[in-house]
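Chemist: Structure below; questions to follow.
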């Protein structure tokens, strides 16, 4: 193995480690829903290269409104999927899209972009 092959191999391993850390081990921002006077649990979520916060905590049996503000034009973030609640929505760039639903059972439910690259979790307690 010559020097060039060694450098390419080390760079490849380094990139694999970074991708694994980024998608599976990077710290997550957690937000608990804030209840409005109407009893709706609301959370504002910024969409820009990911979801922030990416872990949302809500209570079971109370209406939820997730307000996704898409602060980019990246094609990956133009669609939101919440498959456990049969929700699929287009997110317009530089606008807020409200998603409303009623979580009936406790658990952790994933939400992703249409390409499944951006990920978040809804934790229903």
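Residue numbers (the UniProt record's numbering): 1 to 125.
Heads up, the beta-carbon is just placed ideally off N, CA and C, and yes, glycines get one too.
Given the structure is predicted, the values throughout are model-derived calculations rather than measurements.
Pull up the distance between the alpha-carbon of residue 17 and that of residue 7, whole angstroms please.
Modeler: The residue labelled residue 17 in the question sits at position 17 within the chain shown. The residue labelled residue 7 in the question sits at position 7 within the chain shown. Approximately 15 angstroms, taken between the alpha carbons.
Chemist: Name the DSSP beta bridge partners of residue 46, please?
Modeler: Taking the chain shown and counting its residues from 1, the one referred to as residue 46 is at position 46. Residue 46 is bridged to 52 and 69.
Chemist: Let me check understanding here. Comparing Cα to Cα, which of 15, 59 and 42 lies closest to residue 98?
Modeler: Looking up residue 98 in the chain shown gives position 98. Closest by alpha carbon: 42.
Chemist: Quick one: is residue 103 buried, meaning 16 or more other Cβ sit within 10 Å of its Cβ, or exposed?
Modeler: Along the chain shown, one-based indexing puts residue 103 at 103. Under this definition residue 103 is a buried residue.
Chemist: Please classify residue 15: is it buried, with 16 or more other beta-carbons within 10 angstroms of its beta-carbon, or exposed?
Modeler: If you number the chain shown from 1, residue 15 lands on position 15. By the 10 Å Cβ count, residue 15 comes out exposed.
Chemist: Tell me the DSSP secondary structure of residue 40 in three-state form.
Modeler: To locate residue 40, count along the chain shown from 1; it is residue 40. DSSP places residue 40 in coil when its eight states are reduced to three.
Chemist: When the Cα of residue 110 is compared with those of 55, 91 and 64, which residue comes out closest?
Modeler: Taking the chain shown and counting its residues from 1, the one referred to as residue 110 is at position 110. Considering only alpha carbons, the answer is 55.
Chemist: Under a Cβ-count criterion, where at least 16 other Cβ atoms within 10 Å of its own Cβ denotes burial, should residue 94 be classed as buried or exposed?
Modeler: Walking along the chain shown from the start, residue 94 turns up at place 94. Burial call: exposed.
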